[in-house]
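Here is the structure we will look at.
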Amino acid sequence: MNFKEEYRMSKNFSLKEYDSYMKKKPLEQLMILKMLYESFKNQNNVRLVEFGAGTGRFTKLLIKRFPNFRITVVEPDKNCCLKLQKLADKYKNMKVVQLTAENFPKNKKFDIVAMTTAFHHISFDKKLKFIRIVKSILNKKGIFVLADNFIAEYKSMKERNDVLKKSMNKWIRDAIVEKDTEELKMAKKMKSLVFGKDFGGEYFICNSKFEKLIKESGLKIKEKINTTNTDPLDMEIYLYLIRP
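Numbers 703 to 946, taken from our numbering, label the letters of the sequence shown in order.
Here it is, written out as structure tokens:
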């Protein structure tokens, strides 16, 4: 399959280094697998779409746990799509679609919509559009599972930048104290991105802003889990279970 020349994540990160770093942080993905098993363990022909699939870290877990699911993965980055296609070549029930999440067609239906630590890559002005797409493509008894990094609460963009700066600085300090060179490298890289042009493609928001978008879309939050439970200054990963 030919993919168009579009680079997002791989423009800012070495995919090999990114995968190595993210492998240390699988908790929310394992929790999502458990949620999916509890909801769909006795069902056949389950259709799942994963947005922002990246290099396929979560996709591989899905395939291993649910080999009979029909999986569509959506990813804009060409280099990531090439990796995903190699996986799809081995797994007959998987399809790769090169698109941004907010441009996915509304004329398809899925039992599960999944997104793991990719929502912050959608620009501020496109987040609600994407969530409305989710509402359109989700079956009546389907579920939307989303895990992402959320920053501390803020009211204005100025407050957001202040909150984010404190979080990034703490991340760097903690990595120095813990003498974790890999973590320090990622923290410094992320800080340079989020305060650069177009926020470096990293459009982090706080929980209340996200929950307001969900409410506006007509979807309903059924469960909310803080998977990290760290300092309020830290960027924490929350897992949401959402239904129509």
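Using N, Cα and C, we set each Cβ at its ideal position, and we do this for glycine too.
Keep in mind it's a predicted model, so treat the numbers as computed, not measured.
| So what's Lys-788 in DSSP terms, helix, strand or just coil? | Position 86 of the sequence shown holds residue 788. Of the three classes helix, strand and coil, the one that applies to Lys-788 here is helix, per DSSP.
| For Tyr-942, which three-state DSSP category applies? | Translated into the one-based positions of the sequence shown, residue 942 becomes position 240. Note: Tyr-942 maps to strand in three-state DSSP.
| Is Asn-851 near Met-937, with beta carbons less than 8 angstroms apart? | Locating residue 851 in the sequence shown gives position 149, counting from the first residue. Locating residue 937 in the sequence shown gives position 235, counting from the first residue. In this structure, the beta-carbon distance from Asn-851 to Met-937 falls below 8 angstroms.
| request: Mind checking who Leu-840 pairs with in its DSSP beta bridge? | output: For the purposes of this step, residue 840 is taken as the residue at position 138 of the sequence shown. The beta-bridge partner set that DSSP reports for Leu-840 consists of Phe-812.
| Which whole runs of the beta strand (DSSP E) in the segment 867-943 are 3 residues long or more, in chain order? | Counting only runs of 3 or more, we get 922-928.
| query | Who pairs with Asp-850 in a beta bridge, going by DSSP? | reply | Along the sequence shown, one-based indexing puts residue 850 at 148. Paired residues: Tyr-940.
| task | For Gly-920, count neighbouring Cβ atoms within 10 angstroms of its own Cβ and tell me buried if that reaches 16, exposed if not. | result | Residue numbering aside, residue 920 sits at position 218 when the sequence shown is read from its first letter. Burial is judged here by how many other beta carbons sit within 10 angstroms of a residue's own beta carbon; Gly-920 has fewer than 16 and is exposed.
| Residues of its chain near Leu-801, where Cβ-Cβ distance is below 7 angstroms and the 5 sequence neighbours each way are ignored | Numbered from its first residue, the sequence shown carries residue 801 at position 99. Excluding sequence neighbours, Leu-801 sits near Val-776, Pro-778.
| task | Could you check if Ser-869 is buried or exposed, using at least 16 other CB atoms within 10 Å of its CB as the buried criterion? | result | As a first step, residue 869 must be located in the sequence shown, where it is residue number 167. Ser-869 comes out buried.
| field | Segment limits, beta strand (DSSP E) that includes Met-796 | value | What you label residue 796 is simply residue 94 of the sequence shown in a count that begins at 1. According to the DSSP assignment, Met-796 belongs to the beta strand (DSSP E) that extends over 796-799.
| message | I want to know whether the segment 750-759 touches the segment 786-797 - three or more CB-CB distances under 8 angstroms. | response | The segment 750-759 vs the segment 786-797: in contact.
| request: Would you decide whether Leu-866 is buried or exposed? Buried here means 16 or more other CB atoms lie within 10 Å of its CB. | output: Here the question's residue 866 lines up with position 164 in the sequence shown. Burial check for Leu-866: the Cβ neighbour count within 10 Å reaches 16 or more, so the residue is buried.
| request: Tell me, to the nearest whole angstrom, how far the beta carbon of Lys-926 is from that of Tyr-905; I am working on the premise that it is less than 8 angstroms. | output: For the purposes of this step, residue 926 is identified with residue 224 of the sequence shown, where counting begins at 1. For the purposes of this step, residue 905 is identified with residue 203 of the sequence shown, where counting begins at 1. The beta carbons of Lys-926 and Tyr-905 sit about 20 angstroms from each other, so the pair does not count as a contact at 8 angstroms.
| task | Report yes or no: do three or more beta-carbon pairs, one from the segment 879-892 and one from the segment 821-836, lie closer than 8 angstroms? | result | Result no; under three Cβ-Cβ pairs closer than 8 angstroms.
| request: Give the secondary structure of Ile-734 by DSSP, where H, G and I count as helix, E and B as strand, and everything else as coil. | output: Locating residue 734 in the sequence shown gives position 32, counting from the first residue. DSSP places Ile-734 in helix when its eight states are reduced to three.
| said: Looking only at its chain, what residues have a beta carbon closer than 7 angstroms to the beta carbon of Ser-741, apart from the 5 residues adjacent to it on each side? | reply: Residue numbering aside, residue 741 sits at position 39 when the sequence shown is read from its first letter. Within the same chain, Ile-845 come within 7 angstroms of Ser-741 by CB-CB distance, once the 5 residues on both sides are set aside.
| task | In the DSSP assignment, find the unbroken beta strand (DSSP E) run with Leu-773 in it and report its ends. | result | The sequence position of residue 773 within the sequence shown is 71, counting from 1. Contrary to the premise, residue 773 reads as Ile rather than Leu in this sequence. Where Ile-773 is concerned, the enclosing beta strand (DSSP E) stretches over 772-776.
| query | Exposed or buried, what is Asp-813 when buried is set at 16 or more other beta-carbons lying within 10 Å of its beta-carbon? | reply | Within the sequence shown, the letter at position 111 stands for residue 813. With 16 or more Cβ atoms within 10 Å of its Cβ, Asp-813 is classed as buried.
| request: Could you have a look at Thr-818 and say whether DSSP puts it in helix, strand or coil? | output: As a first step, residue 818 must be located in the sequence shown, where it is residue number 116. In the structure shown, Thr-818 adopts extended strand secondary structure according to DSSP, grouped into three states.
| said: Let me make sure I understand the geometry here. Which of Gly-898, Pro-946, Phe-821 has the alpha-carbon closest to that of Glu-752? | reply: Translated into positions along the sequence shown, residue 752 becomes position 50. Comparing Cα positions, the closest option is Phe-821.
| message | Please state whether the Cβ-Cβ distance between Lys-922 and Arg-945 is less than 8 angstroms. | response | Within the sequence shown, residue 922 is the residue found at index 220, counting from 1. Within the sequence shown, residue 945 is the residue found at index 243, counting from 1. Between Lys-922 and Arg-945, the C-beta gap is smaller than 8 angstroms, which places the two residues in contact.
| query | DSSP puts Leu-750 in a beta bridge; with which residues? | reply | Locating residue 750 in the sequence shown gives position 48, counting from the first residue. According to DSSP, Leu-750 bridges with Ile-773, Ile-814.
| Alpha carbon of His-823 to alpha carbon of Phe-901, nearest angstrom | Position 121 of the sequence shown holds residue 823. Position 199 of the sequence shown holds residue 901. Pairing His-823 with Phe-901, the inter-Cα distance amounts to about 10 angstroms.
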